[in-house]
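Protein sequences appear in the order of chains A and B.
In terms of this note's numbering, the first sequence opens at residue 18 and continues consecutively.
In terms of this note's numbering, the second sequence opens at residue 18 and continues consecutively.
Built from N, CA and C at the ideal position, the CB exists for glycine as well.
Since the structure is predicted, the reported quantities are computational estimates derived from the model, not experimental observations.
Data block below; observations after.
There are 2 protein chains.
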Amino acid sequence: MINKDTKFLIVGLGLIGGSYAKGLHKNGYTVYALAHKQSDIDYALKEGFIDKGSAEVDKDLLKEADVIIVSLYPVKEVEWLKENQQYIRPGTLITDVCGIKSGVIDVIQDFLREDLEMIACHPMAGKEVYGVINSDEKIFEKANYIVVPTEKNTNEAIEDAKKIGEILNFANISTLSVEEHDNIIGFVSQLTHILAVTLMTCNEDEHLEKYTGDSFRDLTRIARINENMWTELFIMNKKALLEQITSFEDQLSLIKRLLIAEESEDLKEIFRKSTKRRALFDKK
Amino acid sequence: MINKDTKFLIVGLGLIGGSYAKGLHKNGYTVYALAHKQSDIDYALKEGFIDKGSAEVDKDLLKEADVIIVSLYPVKEVEWLKENQQYIRPGTLITDVCGIKSGVIDVIQDFLREDLEMIACHPMAGKEVYGVINSDEKIFEKANYIVVPTEKNTNEAIEDAKKIGEILNFANISTLSVEEHDNIIGFVSQLTHILAVTLMTCNEDEHLEKYTGDSFRDLTRIARINENMWTELFIMNKKALLEQITSFEDQLSLIKRLLIAEESEDLKEIFRKSTKRRALFDKK
Numbered sequence: 018m019i020n021k022d023t024k025f026l027i028v029g030l031g032l033i034g035g036s037y038a039k040g041l042h043k044n045g046y047t048v049y050a051l052a053h054k055q056s057d058i059d060y061a062l063k064e065g066f067i068d069k070g071s072a073e074v075d076k077d078l079l080k081e082a083d084v085i086i087v088s089l090y091p092v093k094e095v096e097w098l099k100e101n102q103q104y105i106r107p108g109t110l111i112t113d114v115c116g117i118k119s120g121v122i123d124v125i126q127d128f129l130r131e132d133l134e135m136i137a138c139h140p141m142a143g144k145e146v147y148g149v150i151n152s153d154e155k156i157f158e159k160a161n162y163i164v165v166p167t168e169k170n171t172n173e174a175i176e177d178a179k180k181i182g183e184i185l186n187f188a189n190i191s192t193l194s195v196e197e198h199d200n201i202i203g204f205v206s207q208l209t210h211i212l213a214v215t216l217m218t219c220n221e222d223e224h225l226e227k228y229t230g231d232s233f234r235d236l237t238r239i240a241r242i243n244e245n246m247w248t249e250l251f252i253m254n255k256k257a258l259l260e261q262i263t264s265f266e267d268q269l270s271l272i273k274r275l276l277i278a279e280e281s282e283d284l285k286e287i288f289r290k291s292t293k294r295r296a297l298f299d300k301k
Numbered sequence: 018m019i020n021k022d023t024k025f026l027i028v029g030l031g032l033i034g035g036s037y038a039k040g041l042h043k044n045g046y047t048v049y050a051l052a053h054k055q056s057d058i059d060y061a062l063k064e065g066f067i068d069k070g071s072a073e074v075d076k077d078l079l080k081e082a083d084v085i086i087v088s089l090y091p092v093k094e095v096e097w098l099k100e101n102q103q104y105i106r107p108g109t110l111i112t113d114v115c116g117i118k119s120g121v122i123d124v125i126q127d128f129l130r131e132d133l134e135m136i137a138c139h140p141m142a143g144k145e146v147y148g149v150i151n152s153d154e155k156i157f158e159k160a161n162y163i164v165v166p167t168e169k170n171t172n173e174a175i176e177d178a179k180k181i182g183e184i185l186n187f188a189n190i191s192t193l194s195v196e197e198h199d200n201i202i203g204f205v206s207q208l209t210h211i212l213a214v215t216l217m218t219c220n221e222d223e224h225l226e227k228y229t230g231d232s233f234r235d236l237t238r239i240a241r242i243n244e245n246m247w248t249e250l251f252i253m254n255k256k257a258l259l260e261q262i263t264s265f266e267d268q269l270s271l272i273k274r275l276l277i278a279e280e281s282e283d284l285k286e287i288f289r290k291s292t293k294r295r296a297l298f299d300k301k
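Here's what the structure looks like:
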């Protein structure tokens with residue numbers, strides 16, 4: 018069980034890994050980190066939000082850690098654990114932060130050593146900029162944290178996973194199955210990014226910037242997109258995402274037909290429904 | 018020419034009319050208002066941001082005004098001027114605030130008395146709530162103000178229209194032709210509202226609220242939509258809006274095909290373009 022002496026090892030010191038490190042360290046925990054670049058480790062040590070770190074696979078750090086948080090893109094996450102699970106101390110809890118769960122947690126749990134436990138988590142937080150230099154534990158304050166247990170997980174691991182969300186001060190902590198998670202994420206996160214990118218790239222007029230208002234800015238904030246991470250996430254969640262895109266297309270097509278036919282009353286009915294549904298979100 | 022003694026009459030005291038009244042009054046101008054409801058006039062008088070007002074068509078106020086700002090929905094704007102131009106003093110400048118120009122300014126200029134001048138303007142500002150009670154001149158501070166002159170307008174009227182934008186402290190003041198205006202608005206304002214509504218109404222799952230993050234909130238802020246005003250605006254700008262919807266659909270369809278085929282490199286290319294284009298907006 019996580020307690021005040023628990024030592025965390027963050028694997029991958031980017032925006033999210035860095036924000037985890039800062040949040041855990043501020044709350045008094047011992048934090049180690051492994052990163053790809055020595056400069057990221059140097060930065061984190063200089064800023065004082067990790068206690069030790071290495072740009073190599075440091076076997077001592079892997080042995081010392083009580084909880085390992087793998088903060089890599091999904092494909093790398095699977096690869097890293099496959100290569101390095103041999104160095105992890107029996108009984109260590111492993112968790113992650115990636116935005117897609119099928120094709121990741123199921124694959125990992127299949128090859129993971131029997132004396133280790135892996136529990137999937139998804140901190141629904143981010144920024145349009147990345148890298149440890151932009152990390153900030155405050156991005157978690159208004160955000161959702163989802164624990165995604167499978168039948169292979171123990172209650173203790175689920176409680177520990179929730180505890181990490183509490184330490185990091187997430188606004189909401191919930192649990193979902195892998196399938197529920199990937200469907201919901203396909204809608205609320207992946208579809209929204211696809212729409213923002215589509216809007217940003219569907220009109221070639223170079224002079225639109227000066228006529229845009231808040232509406233356009235809001236709808237395209239997330240059109241600044243980390244192309245490598247999101248391409249991987251989209252393709253891994255292809256089935257659910259395609260269903261969401263198709264639902265969106267069908268509804269847009271309906272609105273278009275009503276507009277062509279100038280069916281004012283039907284359009285107003287959709288707009289009233291939209292207003293009513295959106296109002297629910299302001300209460301949360 | 019507008020000077021410190023210019024008396025403004027606002028016709029229609031809603032969110033925008035009220036914000037105009039507040040902004041003009043704060044800058045020391047005499048402001049009159051006509052409204053549909055006596056309670057709105059009473060509110061504005063009590064709050065002190067109009068000097069006189071009436072819920073009737075007060076012929077004295079119409080005679081006293083030097084500049085009349087019609088702040089009604091487009092269909093009502095045309096009707097109101099048709100009925101009431103007879104009471105307006107010769108030489109009075111008339112302007113408006115509506116979000117669509119073809120079918121409005123051309124129609125009005127056709128029937129308008131020869132001793133009056135009407136110049137179309139579009140303050141690109143708003144809120145998801147409406148009514149004079151929510152009015153606030155600060156909504157103009159970061160917003161665009163577009164003057165939409167036609168061949169029937171004098172240079173003096175164009176300068177006066179710009180002057181109103183300056184008094185109200187808009188961030189950008191520009192001029193566009195009717196056609197340019199309606200095309201650009203079809204994209205940056207109308208398409209964005211259509212997309213927000215579509216996203217808000219394309220998924221019937223009632224439990225999504227608790228899993229949404231900032232992305233979903235940003236993309237649906239404007240899904241709280243004044244159904245009467247926007248239905249009118251959409252239908253009046255049907256041709257341009259349908260073209261914009263179709264461009265969006267084509268681009269979404271391309272992204273969908275690339276996703277189905279798992280064409281990572283082509284997807285990344287679109288995401289890089291999106292990021293690059295969106296970055297331009299942050300500089301403004």
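Close-in-space but distant-in-sequence residues of the same chain around residue 250 (chain B) (CB under 6 Å, 5 per side omitted)
116 and 117
Through-space distance from residue 32 (chain B) to residue 296 (chain A), alpha-carbon basis:
19 Å
Assign residue 123 (chain A) to one of two classes, buried (16 or more other C-beta atoms within 10 Å of its C-beta) or exposed (fewer than that).
exposed
By a C-beta neighbour count over all protein chains shown, 10 Å radius and 16 as the cutoff for buried, is residue 199 (chain A) buried or exposed?
buried
Measuring alpha carbon to alpha carbon, tell me which residue in A:255, A:87 and A:166 is nearest residue 278 (chain B).
A:255
Starting from the N-terminal side, write out each stretch of the beta strand (DSSP E) that is 3 residues or longer and does not extend beyond the stretch 45-108 of chain A.
Runs of the beta strand (DSSP E) inside the stretch 45-108 of chain A: 47-51, 69-71 and 84-87.
Indicate whether the contact test is met: 3 or more Cβ pairs, each with one atom in the stretch 211-227 of chain A and one in the stretch 124-137 of chain A, closer than 8 Å.
At 8 Å Cβ cutoff, the stretches do not touch.
Contact under 8 Å by Cβ, residue 213 (chain B) with residue 187 (chain B)
no
Chain A partners of residue 115 (chain B), CB-CB under 8 Å?
By Cβ distance, chain A contributes nothing, its closest Cβ being about 15 Å from residue 115 (chain B), past 8 Å.
Quick one: what's got a C-beta closer than 8 Å to residue 108 (chain A)'s C-beta in the same chain, skipping five residues either side?
132 and 133
Just confirm the distance between the C-beta atoms of residue 241 (chain B) and residue 292 (chain A), as a whole number of angstroms; I'd bet it's less than 8 Å.
5 Å
State the Cα-Cα distance for the pair residue 155 (chain A) and residue 105 (chain B), rounded to the nearest angstrom.
58 Å
For residue 24 (chain A), report the span of its beta strand (DSSP E) as first-last.
24-28
Outcome for residue 16 (chain B) when other beta-carbon atoms lying within 10 angstroms are tallied against a minimum of 16
With chain B covering 18 to 301 only, the question about residue 16 (chain B) has no answer from this structure.
Cβ neighbour criterion (16 or more within 10 Å) applied to residue 59 (chain B)
exposed
Are the C-beta atoms of residue 268 (chain A) and some chain B residue less than 8 Å apart?
yes
Residue from B:177, B:163 and B:53 whose Cα sits closest to the Cα of residue 189 (chain B)
B:163
For residue 146 (chain A), which of helix, strand or coil comes out of DSSP?
coil
By how many angstroms is the C-alpha of residue 67 (chain B) removed from the C-alpha of residue 26 (chain B)?
Roughly 9 Å separates the two Cα atoms.
Does the distance from the C-beta atom of residue 80 (chain B) to that of residue 49 (chain B) stay below 8 Å?
A distance of 8 Å or more separates the beta carbons of residue 80 (chain B) and residue 49 (chain B).
Beta carbon proximity, residue 214 (chain A) to chain B, threshold 8 Å
yes
From the beta carbon of residue 5 (chain A), is the nearest beta carbon of chain B less than 8 Å away?
Since the first and last residues shown for chain A are 18 and 301, residue 5 (chain A) lies out of range.
Starting from residue 246 (chain B), trace the alpha helix (DSSP H) in both directions and tell me its first and last residue.
244-253
Under 7 Å by beta carbon: chain A residues contacting residue 220 (chain B):
204 and 264
I'd like the list of long-range same chain contacts for residue 114 (chain A), defined as Cβ closer than 8 Å, with 5 residues on each side in sequence excluded.
33, 34, 37, 86, 87, 88, 138, 139 and 140
Residue 359 (chain B) - DSSP class collapsed to helix/strand/coil:
Outside the shown range of chain B (18 to 301) lies residue 359 (chain B), about which nothing can therefore be said.
Mind checking whether residue 248 (chain A) and residue 284 (chain B) have CB atoms under 8 Å apart?
yes
For the alpha helix (DSSP H) containing residue 177 (chain A), list its first residue and its last residue.
172-184
Whole-Å CB distance - residue 269 (chain A) paired with residue 282 (chain B), under 8 Å assumed
Between residue 282 (chain B) and residue 269 (chain A) the Cβ distance is about 27 Å, and since that is not below 8 Å, they are no contact.
Taking 8 Å as the CB-CB limit, is residue 158 (chain A) close to chain D?
Any reference to chain D falls outside this structure, whose protein chains are A and B.
For residue 33 (chain A), decide whether its Cβ has a neighbour in chain B, counting only Cβ atoms nearer than 8 Å.
No, residue 33 (chain A) does not count as interfacial toward chain B.
Using a beta-carbon distance below 8 Å, is residue 18 (chain A) in contact with chain B?
Cβ-Cβ to chain B under 8 Å: no for residue 18 (chain A).
Exposed or buried, residue 45 (chain B), counting other C-beta atoms within 10 Å across all chains shown (16 or more means buried)?
exposed
I need the boundaries of the beta strand (DSSP E) containing residue 162 (chain A), first residue and last residue.
161-165
Kindly say whether residue 148 (chain B), judged by its beta-carbon, lies nearer than 8 Å to any beta-carbon of chain A.
no
Who are the near neighbours of residue 210 (chain A) in its chain, counting only those whose CB is closer than 7 Å to its CB and skipping five residues on each side?
By the criterion of a C-beta distance shorter than 7 Å, residue 210 (chain A) is surrounded in its chain by 239, 242 and 247, once the five residues flanking it on both sides are discounted.
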